[in-house]
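**Q** Following this message is one structure expressed as structure tokens.
Number of protein chains: 4
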Amino acid sequence: MPASAVPKADLTPSISHTPHGEEKREELVRAAFDLIAERGFEGLRTRDVASRAGVTVATLHYYFHTKEHLIRGVMAFTVEKFRTRLVDPRPADLDPLAELLRILGVRGQQRRQAPEIFRVLLELTTRASRDPAIKAIMRESDSQWRQNISEILRAGVEKRVFRADLDVAAATTILGALSRGRSMLSMLRPDISEDEHVDTEVERWLTGRHKAARR
Amino acid sequence: MPASAVPKADLTPSISHTPHGEEKREELVRAAFDLIAERGFEGLRTRDVASRAGVTVATLHYYFHTKEHLIRGVMAFTVEKFRTRLVDPRPADLDPLAELLRILGVRGQQRRQAPEIFRVLLELTTRASRDPAIKAIMRESDSQWRQNISEILRAGVEKRVFRADLDVAAATTILGALSRGRSMLSMLRPDISEDEHVDTEVERWLTGRHKAARR
Amino acid sequence: MPASAVPKADLTPSISHTPHGEEKREELVRAAFDLIAERGFEGLRTRDVASRAGVTVATLHYYFHTKEHLIRGVMAFTVEKFRTRLVDPRPADLDPLAELLRILGVRGQQRRQAPEIFRVLLELTTRASRDPAIKAIMRESDSQWRQNISEILRAGVEKRVFRADLDVAAATTILGALSRGRSMLSMLRPDISEDEHVDTEVERWLTGRHKAARR
Amino acid sequence: MPASAVPKADLTPSISHTPHGEEKREELVRAAFDLIAERGFEGLRTRDVASRAGVTVATLHYYFHTKEHLIRGVMAFTVEKFRTRLVDPRPADLDPLAELLRILGVRGQQRRQAPEIFRVLLELTTRASRDPAIKAIMRESDSQWRQNISEILRAGVEKRVFRADLDVAAATTILGALSRGRSMLSMLRPDISEDEHVDTEVERWLTGRHKAARR
DNA sequence: AATGAATGAGAGTTCATTCAT
DNA sequence: AATGAATGAACTCTCATTCAT
């Protein structure tokens with residue numbers, strides 16, 4: 110049951126009534142996000158960010174004391190983008206397998222339709238190994254994701270949808286790593302990374318429904 | 110002056126008598142590699158590379174016309190490091206499962222003992238999405254790896270070590286993505302990424318030997 | 110927020126009911142004065158001045174069209190501070206020597222207790238060599254001081270308290286220079302600059318009462 | 110015996126064979142010195158310094174890591190200028206009064222002919238109150254000067270050229286302050302500051318040769 | 001083969017100032 | 001009377017690159 114169709118419409122996170130300067134701040138963050146996606150941190154220039162947001166550098170510095178602060182803003186923005194997408198429009202009452210496939214499907218869709226997110230996330234991961242502040246946020250975000258997933262897995266095992274001997278923690282790790290790995294791979298070989306057979310194999314692994322090797 | 114994290118002995122595998130300047134070139138590349146691992150591309154300064162290799166920037170430019178050339182050197186060096194490690198001491202005649210586990214094991218060991226490689230690889234992947242030259246090399250390297258792995262998988266299926274219905278291509282992709290994903294994860298949470306249960310689950314998936322879920 | 114080093118009471122001598130915004134103006138000037146004393150002209154930032162006065166830069170510019178105007182305010186404030194102190198509590202009918210010593214004593218006291226004044230004055234003198242407006246004001250202030258002093262000296266010569274052959278003009282110059290010099294010196298070596306023997310020697314010089322060198 | 114003989118043979122700072130880049134360094138320092146004299150620290154711009162020395166800012170930074178380093182260079186240069194000038198062409202065997210007058214005369218000459226030195230010195234004094242490094246150097250320089258002068262005074266008292274009851278330490282302080290004060294004054298009123306009668310009065314004070322005030 | 005000296009082209013950041021409200 | 005937001009112009013400092021030696 111592939112069918113992981115998720116309605117995109119309700120994804121606008123920002124509320125209508127934001128404190129006055131907040132809009133501009135977000136515009137700047139969004140501009141920075143786009144530029145990081147396009148050129149990486151290496152190619153990120155405050156002047157470009159500012160002009161893409163329709164202001165001057167001085168204005169950028171009015172909102173973000175330093176470039177580092179701006180980057181932290183991008184960090185938060187990106188993580189939020191991820192989180193929101195994941196849990197927001199949750200069709201209740203799915204069976205665990207369907208739910209899991211839906212989640213993985215969303216990621217796949219994102220990889221195909223909004224690869225910038227992953228490019229930025231890759232850059233941020235790169236930074237995380239040097240910047241503790243970023244590392245902490247990413248860890249936290251990962252931790253929430255793991256919780257989500259392991260609950261589903263646990264439920265699946267209980268409901269006998271997944272294998273009885275499935276190691277939930279390890280499986281969670283695998284799914285996390287797989288997701289990250291596919292996003293890396295999609296940078297190099299999107300064709301391979303997004304092959305649907307991959308999902309089929311994942312399903313087999315989790316459910317154990319297949320022809321076992323005999324010896 | 111952190112010594113290059115990789116023993117020198119392994120790294121001049123082919124030629125014993127290098128042309129005059131070749132040594133210095135490699136020293137520079139190694140220095141650049143170390144610095145990228147420490148500070149990322151963002152923090153890579155030709156001056157630092159040169160001084161770590163014991164020469165001046167001017168000398169660096171004698172060996173590498175531009176910084177970009179140097180980076181290509183690092184690219185080659187890193188890929189080589191990867192390849193070498195993989196196939197170097199290959200105990201012949203292993204059964205496919207053991208062979209596969211050995212390969213994955215080497216990666217794990219590298220993640221634990223020489224994480225710089227992955228940090229650099231992450232940086233390079235980041236670049237690959239923008240630099241076609243790098244992308245090409247990484248693709249080529251990946252392609253070789255895939256060939257290696259799928260051969261083993263195919264052999265395993267034939268020998269009935271692995272599941273009969275294992276989709277070799279998809280499984281290869283999964284293993285590649287998993288490996289990449291674990292290296293990303295190990296930057297954030299090495300404890301989780303290197304959990305041995307993960308390998309156990311992978312084995313179950315490939316072999317199909319476990320208690321299937323009933324319905 | 111270091112309080113201005115000078116008591117407020119003395120400083121609004123003339124008008125008791127100041128026009129509406131006058132108070133804020135003075136608060137700004139005082140803040141600027143303090144900051145110049147602390148960091149010099151080099152380190153004077155309108156933003157800091159404003160925030161120390163409890164307003165924003167925009168407000169500062171409402172009161173002082175440009176930074177230069179503000180500085181002129183500080184100039185006037187400082188000179189006034191000097192003048193006031195000098196003549197304010199004048200015990201009438203002192204004999205010239207006592208009067209002179211009193212005046213010099215006040216300066217000494219200021220150097221010890223309110224060195225900021227001299228630091229600012231030094232900065233202003235520095236500026237005077239480039240800014241004619243400031244130069245003019247300082248000259249005027251000096252001219253008044255000279256008049257004061259030379260009257261006392263003249264009276265002293267007449268009353269035979271000072272030497273008969275004292276060159277009043279030259280002596281006035283010397284006393285002015287000495288005072289300035291001591292304030293400079295007190296920045297480097299307050300201990301030496303404020304040595305009381307200095308005053309004794311000055312007295313000997315003016316009165317001629319001492320053991321002359323014989324030949 | 111005068112004994113204040115300090116062989117200054119070794120004071121020629123720039124030897125004919127300077128280490129290669131040393132010349133450019135000095136040229137930059139000299140340019141900075143000139144600009145400080147003209148515009149004060151406030152108006153000191155690295156670009157201007159560089160271009161006056163015939164190089165670009167980048168080159169300036171090649172020689173002086175930061176602006177602060179450059180300023181320290183100016184400091185040393187200025188102090189050296191002072192020290193050298195003082196003792197350089199020393200007609201041996203003068204009597205103390207003549208010697209002292211000569212020294213004061215040199216200063217006067219400098220004030221008239223090379224007022225920049227004093228302008229810079231004034232700026233530096235201003236800084237000294239905030240920058241310990243500069244303060245230390247200026248103190249040291251002052252200390253040497255005091256030693257010089259007090260030796261002459263002592264000799265003068267011994268030889269009965271100066272008053273028997275002259276307080277040498279206090280007189281040294283007075284002469285130092287007077288010199289500083291005159292340089293300040295000369296910025297405002299060169300005419301008055303350089304009046305020769307001032308020197309006459311100083312002489313009277315030191316020698317005590319005049320008509321004392323009777324009572 | 002190697003370097004000291006020099007530089008053009010920017011980078012991030014600062015600051016006095018303006019203006020609509 | 002007071003301010004938040006915005007900016008132009010400039011500032012110090014950096015960096016990959018060049019070139020005569």
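Residue numbers (the numbering used here), protein chains in the order written: chain P, 110 to 324; chain H, 110 to 324; chain L, 110 to 324; chain V, 110 to 324.
Beta carbons: idealized from backbone N, C-alpha and C, even for Gly.
1) To the nearest whole angstrom, what separates the beta carbons of P:PHE271 and P:LEU315, a pair I think is in contact under 8 Å?
2) Using 8 Å as the Cβ pair cut-off and three pairs as the minimum, do the segment 157 to 174 of chain L and the segment 226 to 246 of chain L touch?
3) Going by C-alpha to C-alpha distance, which of L:GLU132, L:ARG134, L:LYS176 and L:HIS170 sits closest to L:LEU153?
4) In angstroms, rounded to a whole number, what distance separates the CA positions of V:LEU294 and L:THR281?
5) Please indicate yes or no: does the CB of P:GLU131 lie closer than 6 Å to some heavy atom of the ligand SAH?
6) Is L:LEU210 close to chain V? Criterion is C-beta to C-beta, closer than 7 Å.
7) For H:ALA114, which residues from the same chain have a beta carbon less than 6 Å from its beta carbon, with the 5 sequence-adjacent residues on both sides left out?
8) At the 7 Å Cβ level, is H:ILE124 part of the contact set with chain P, yes or no?
9) Is the separation between the beta-carbon of V:THR235 and that of L:GLU147 shorter than 7 Å?
10) I want to see whether chain L comes within less than 7 Å of V:TRP314, judged by CB atoms only; does it?
11) Secondary structure at L:GLY149, three-state DSSP: helix, strand or coil?
12) I need the straight-line Cα distance from P:PRO116 to H:GLY182, nearest angstrom please.
13) Relative to the C-alpha of P:ILE283, which residue among H:SER302, H:GLU151, H:LEU169 and H:LEU210 is closest?
14) Do H:GLY290 and P:ARG98 come within 7 Å of each other at the CB atom, strictly closer than that value?
15) Count the other C-beta atoms from every protein chain shown that fall within 10 angstroms of the C-beta of P:GLU310, then say buried if there are 16 or more, exposed otherwise.
16) Can you list, in chain order, the residues of its chain with a C-beta nearer than 8 Å to that of V:GLN253? Leave out the 5 residues immediately preceding and following it.
17) Give every residue of the same chain whose Cβ lies closer than 7 Å to the Cβ of H:ALA264, excluding the five residues on either side of it in the sequence, and list them in chain order.
18) Do L:LEU179 and L:PHE173 have their C-beta atoms within less than 7 Å of each other?
19) Is V:SER238 helix, strand or coil by DSSP?
20) Can you give the Cα-Cα distance for L:GLN219 and V:GLU151, rounded to whole angstroms?
21) Can you name, in chain order, every residue of its own chain whose Cβ lies under 6 Å from the Cβ of L:ARG134, other than the five neighbours on each side?
22) Nearest to V:LEU210 by alpha carbon, out of V:ASP308, V:SER259, V:GLU260 and V:ARG318?
23) Can you say whether H:ALA167 is buried or exposed, counting buried as having 16 or more other CB atoms within 10 angstroms of its CB?
24) Short check: CB of H:MET296 to CB of P:SER292, under 7 Å?
25) Given a cut-off of 7 Å on the beta-carbon distance, is the pair H:HIS170 and P:ALA279 in contact?
26) For V:LEU363, collect the residues of the same chain with a Cβ closer than 8 Å to its Cβ; drop the 5 residues on either side in sequence, then sort them by chain order.
27) Given this structure, state the Cα-to-Cα distance separating L:LYS190 from P:ILE145, to the nearest angstrom.
28) Do the CB positions of V:GLU208 and V:ILE261 come within less than 7 Å of each other?
29) Suppose the cutoff is 8 Å on Cβ atoms and the five residues either side in sequence are ignored; what does the same chain contact list for V:VAL229 look like?
30) Does L:GLU303 come out as helix, strand or coil in the three-state DSSP assignment?
31) If you check the beta carbons only, do L:SER259 and L:VAL277 fall under 7 Å apart?
32) In chain V, what lies closer than 9 Å to L:LEU287 by C-beta?
33) Within 7 Å (strictly less), CB to CB, does V:MET184 reach chain L?
34) How is the alpha helix (DSSP H) around L:THR155 delimited, first residue to last?
35) Take H:ASP274 as the anchor and find which of P:LEU213, P:ILE212 and P:ARG318 has the nearest alpha-carbon.
36) Would you verify that the beta carbon of L:GLY149 is, or is not, closer than 7 Å to some beta carbon of chain V?
**A** The short version:
1) 5 Å
2) no
3) L:LYS176
4) 12 Å
5) Among the ligands in the structure shown, none appear at all, so the ligand SAH cannot be discussed.
6) no
7) The pLDDT assigned to H:ALA114 is 36, lower than 50, so where the model puts this residue is not dependable; a value taken from the coordinates is nonetheless given after this. Cβ neighbours of H:ALA114 beyond the five flanking positions: ALA223 and GLU225.
8) Bear in mind that a pLDDT of 39 at H:ILE124, under 50, signals an unreliable position, so the number given afterwards is only what the model happens to contain. Answer no: the Cβ-Cβ gap between H:ILE124 and chain P never drops below 7 Å.
9) no
10) yes
11) coil
12) A caution first: P:PRO116 carries a pLDDT of 34, below 50, which makes its placement in the model unreliable, though a value can still be read off. Cα to Cα, the separation comes out at about 46 Å.
13) H:SER302
14) The question about residue 98 of chain P has no answer, for chain P in this structure spans 110 to 324.
15) buried
16) ARG192
17) PRO205
18) yes
19) coil
20) 27 Å
21) TYR172
22) V:ASP308
23) exposed
24) no
25) no
26) With chain V covering 110 to 324 only, the question about residue 363 of chain V has no answer from this structure.
27) 57 Å
28) yes
29) PHE142, ILE145, ALA146, VAL183 and THR187
30) coil
31) yes
32) ILE283, ALA286, LEU287 and GLY290
33) no
34) 155 to 161
35) P:ARG318
36) yes
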